[in-house]
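Enquirer:
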Ligand code: AMP
Ligand code: MG
């Protein structure tokens, strides 16, 4: 089993960064899906991955040559509450590869069994959440949003106990790395300043090499992470995406979307939309995501204070100045992103009044922009007007919009407005069918949403919002 050229830099870090742990041997692994395009992009042999040896690796049944499985240590704030010890409780980092693009990637199994960090958890993943992460992360990648990727989903042949007994599965996740805000917090909380410095040096080398030559590399790192998070969250907002569990252990330092738990895309626009059943106070509602981004980055800044400056007052000032730039970067990115979607020059007032109108009229977020794009391209107004409770309100708004829109903005508009998103009821439908042994809805959904900007008239049904009966009220953290 020497088909993957692992080069494991994280495993070379000091003791305390991770615990070595082997994945569980899945009793009857079966490949659900292999992401062949991603395999090729990563320079991996897709045919080997689909072979018995490859599936053994992807299920945890066998450890491939050069793989050094480990569970990473981290801490985190979950829904605002501090957990000093989290860590990979159901994931194994198999190792790293350097892809043909020169970028180092983690290859990680998720749902592959207990580790020293499992606490009371079983270390397993149920099929549903694995398919959800596969669908949504691959859509995000296709839509141009930085994200971890799904290389494969494998059924383990084992049942896992949740509210009921469910089929188990393992997701192979690919990331620029799995270092999180919570990784910094882990060493800060233990007052291990040397490890904190080692971690900062590691992520600078791996993700932010330009920070190395800055006067204060740790400060440059904090600023760069802040900037990537601000831009990332703006991209989520533009897609109506609600992450659902923006805990500090789910904020990745390289700036990719990570940990697709109870996440979903809004159908009807309302800024306070929440999906997670455990997010009772709406902490992670759509509109709150930038505020939570700042909160999470403040936790990173706090954790980095010992390496920002030897004097703690000075360190605090630097930390604050770095996080403060979030709002400018975020607002600029959001204004530009929404302007592109509207096919108009940047106009913050018009954006806000449009959000208000969409809320008042109960417009479907995605269709609002797809149908507007169709109007811009010369289509009729009927489908757009039909999104409004009051058709007159659509007419009034369109008149104003026409005064701002110009045809040369249409290409950017098309590139900003996916025709297809993985609507929550479709994701649920794909999961339910898979639980009944039929993976074809999952296959279809993946193929439709990974070409999100293409018109696919044969799949027009995937454009439409759920009927009243199809609405998925809440997504449980069922992991
Ligand atoms: P998450 O909510 O997925 O970000 O996970 C938060 C923490 O709980 C992480 O430390 C996970 O490794 C751990 N965890 C979640 N589910 C399980 C499980 N089934 N078994 C063990 N640990 C888990
Ligand atoms: Mg997590």
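Numbering (the numbering used here), first residue to last: 38 to 516. C-beta: ideal position from N, C-alpha, C; glycine also.
(1) With a Cβ-Cβ cutoff of 9 angstroms, do residue 206 and residue 190 count as a contact?
(2) Listed by chain order, which residues have C-beta atoms less than 6 angstroms from any heavy atom of ligand 2?
(3) With residue 69 and residue 192 assumed to form a contact (beta carbons below 8 angstroms), what rounded beta-carbon distance in angstroms separates them?
(4) Is it the case that the Cβ atoms of residue 305 and residue 387 are separated by a distance below 9 angstroms?
(5) Taking C-alpha atoms, which residue in 135, 181 and 188 lies nearest to residue 168?
(6) Among 509, 422 and 290, which has the Cα closest to the Cα of residue 400?
(7) Starting from residue 191, trace the beta strand (DSSP E) in both directions and tell me its first and last residue.
(8) Cβ of residue 127 versus every heavy atom of ligand 1: is any distance shorter than 8 angstroms?
(9) What is the rounded straight-line gap between the Cα of residue 46 and the Cα of residue 121?
(10) Let's see if you can read the secondary structure: which residues bound the beta strand (DSSP E) around residue 67?
(11) In this structure, how does DSSP classify residue 114 when only helix, strand and coil are distinguished?
(12) Sorted by chain position, which residues of the same chain lie with C-beta nearer than 8 angstroms to residue 242's C-beta, five sequence neighbours on each side aside?
(13) Can you find at least 3 beta carbon pairs, one from the region 294-305 and one from the region 489-509, that sit closer than 8 angstroms?
(14) Can you find a heavy atom of ligand 1 that lies under 8 angstroms from the Cβ of residue 173?
(15) Spatial neighbours of residue 322 within its chain, please: CB distance less than 8 angstroms, with the 5 preceding and 5 following residues excluded, ordered by chain position.
(16) Please report the distance separating the alpha-carbon of residue 514 from that of residue 313.
(17) Tell me the rounded alpha-carbon separation between residue 65 and residue 195.
(18) Using DSSP's beta-bridge definition, name the partner residues of residue 389.
(19) Just to confirm, does residue 62 get its C-beta within under 8 angstroms of one of the non-hydrogen atoms of ligand 1?
(20) In angstroms with no decimal places, state the Cα-to-Cα distance between residue 232 and residue 138.
(21) For residue 319, count the other beta carbons within 10 Å of its own beta carbon; 16 or more makes it buried, fewer makes it exposed. Which is it?
(22) Can you list, in chain order, the residues of its chain with a C-beta nearer than 8 angstroms to that of residue 56? Leave out the 5 residues immediately preceding and following it.
(23) What I want to know is whether the C-beta of residue 107 ends up closer than 8 angstroms to one or more non-hydrogen atoms of ligand 1.
(24) Among 173, 93, 114 and 112, which residue has its Cα nearest to the Cα of residue 146?
(25) Excluding sequence positions up to five away, which residues of its chain have a Cβ less than 8 angstroms from the Cβ of residue 395?
(26) For residue 483 versus residue 175, is the C-beta distance shorter than 9 angstroms?
(27) Going along the chain, which unbroken runs of the alpha helix (DSSP H) with 4 or more residues stay wholly within the region 471-508?
(28) Helix, strand or coil for residue 132? Go by DSSP, reduced to three states.
(29) Counting C-beta neighbours from all protein chains within 10 Å, is the total for residue 450 16 or more, i.e. buried, or is it exposed?
(30) Is residue 338 buried or exposed, if buried means 16 or more other CB atoms sit within 10 Å of its CB?
(31) Residue 355 lies in the alpha helix (DSSP H); which residues open and close that run?
(32) Alpha carbon to alpha carbon, what distance is there between residue 356 and residue 253?
(33) DSSP three-state call for residue 514: helix, strand or coil?
(34) Look at residue 160 and residue 126 and say whether their C-beta atoms are less than 9 angstroms apart.
Expert: On the basis of the supplied data:
(1) What you label residue 206 is simply residue 169 of the chain shown in a count that begins at 1. What you label residue 190 is simply residue 153 of the chain shown in a count that begins at 1. Contact flag set, yes.
(2) 286, 287 and 296
(3) Here the question's residue 69 lines up with position 32 in the chain shown. Here the question's residue 192 lines up with position 155 in the chain shown. With a Cβ gap of about 6 angstroms, residue 69 and residue 192 count as contacting.
(4) To locate residue 305, count along the chain shown from 1; it is residue 268. To locate residue 387, count along the chain shown from 1; it is residue 350. Going by C-beta atoms, residue 305 is not nearer than 9 angstroms to residue 387.
(5) Taking the first residue of the chain shown as 1, we reach residue 168 at position 131. Answer by Cα proximity: 188.
(6) Walking along the chain shown from the start, residue 400 turns up at place 363. Ranking 509, 422 and 290 by Cα distance to residue 400 puts 422 first.
(7) Sequence index remark: in the chain shown, residue 191 carries index 154 (1-based). From DSSP, the beta strand (DSSP E) with residue 191 extends over 186-198.
(8) Within the chain shown, the letter at position 90 stands for residue 127. Under cutoff, so the answer is yes.
(9) Taking the chain shown and counting its residues from 1, the one referred to as residue 46 is at position 9. Taking the chain shown and counting its residues from 1, the one referred to as residue 121 is at position 84. Rounded to the nearest angstrom, the two C-alpha atoms are 25 angstroms apart.
(10) Locating residue 67 in the chain shown gives position 30, counting from the first residue. Residue 67 -> beta strand (DSSP E) spans 67-71.
(11) To locate residue 114, count along the chain shown from 1; it is residue 77. In this structure, residue 114 counts as strand in the three-state DSSP scheme.
(12) Here residue 242 refers to the residue found at position 205 of the chain shown. For residue 242, where only same-chain residues beyond five positions count, the Cβ hits under 8 angstroms are 249.
(13) yes
(14) For the purposes of this step, residue 173 is taken as the residue at position 136 of the chain shown. False, no ligand heavy atom lies under 8 angstroms from that Cβ.
(15) The residue labelled residue 322 in the question sits at position 285 within the chain shown. Same-chain partners within the cutoff: 279, 308, 309, 310, 311 and 316.
(16) By 1-based counting over the chain shown, the position of residue 514 is 477. By 1-based counting over the chain shown, the position of residue 313 is 276. In this prediction, residue 514 has a pLDDT of 49, which is less than 50 and means its spatial position is unreliable; what the coordinates show is noted afterwards. Taking the straight line joining both Cα atoms gives about 7 angstroms.
(17) On the chain shown, residue 65 is found 28 positions in, with the first residue counted as 1. On the chain shown, residue 195 is found 158 positions in, with the first residue counted as 1. Those two C-alpha atoms are separated by around 7 angstroms.
(18) Taking the chain shown and counting its residues from 1, the one referred to as residue 389 is at position 352. BP columns for residue 389 are empty, so no partner.
(19) Residue 62 sits at position 25 when you count from the first residue of the chain shown. No - ligand 1 has no heavy atom lying nearer than 8 angstroms to the Cβ of residue 62.
(20) The residue labelled residue 232 in the question sits at position 195 within the chain shown. The residue labelled residue 138 in the question sits at position 101 within the chain shown. Distance between the alpha carbons of residue 232 and residue 138 is about 29 angstroms.
(21) In the chain shown, counting from the first residue as 1, residue 319 sits at position 282. So residue 319 ends up on the exposed side.
(22) In the chain shown, counting from the first residue as 1, residue 56 sits at position 19. So the qualifying residues of the chain are 107, 108, 110, 124, 152, 153 and 154.
(23) Working through the chain shown from its first residue, we reach residue 107 at position 70. No, ligand 1 has no heavy atom inside 8 angstroms of this Cβ.
(24) Taking the first residue of the chain shown as position 1, residue 146 is located at position 109. Of the listed residues, the one whose Cα sits closest to residue 146 is 93.
(25) On the chain shown, position 358 is the one that residue 395 refers to. Cβ within range, chain order: 306, 402 and 405.
(26) Sequence index remark: in the chain shown, residue 483 carries index 446 (1-based). Sequence index remark: in the chain shown, residue 175 carries index 138 (1-based). The answer is yes: Cβ separation under 9 angstroms.
(27) 477-486
(28) Along the chain shown, read from residue 1 onward, the residue named residue 132 stands at position 95. In the structure shown, residue 132 sits in a strand (DSSP, three-state: E or B).
(29) As a working mapping, residue 450 is identified with position 413 in the chain shown. Buried.
(30) Counting from 1 along the chain shown, the entry for residue 338 is found at position 301. Looking at its Cβ environment, which holds 16 or more other Cβ atoms inside 10 Å, residue 338 is buried.
(31) Your numbering for residue 355 matches position 318 in the chain shown. Unbroken alpha helix (DSSP H) run through residue 355: 349-379.
(32) Taking the chain shown and counting its residues from 1, one reaches residue 253 at position 216. Taking the chain shown and counting its residues from 1, one reaches residue 356 at position 319. Their backbone Cα atoms lie some 12 angstroms apart in a straight line.
(33) What you label residue 514 is simply residue 477 of the chain shown in a count that begins at 1. Note that residue 514 scores 49 on pLDDT, short of 50, meaning its location in the model is unreliable and no value can be drawn from it.
(34) Reading the chain shown from its first residue, position 123 is the one you call residue 160. Reading the chain shown from its first residue, position 89 is the one you call residue 126. Yes, Cβ-Cβ distance for residue 160 and residue 126 is below 9 angstroms.
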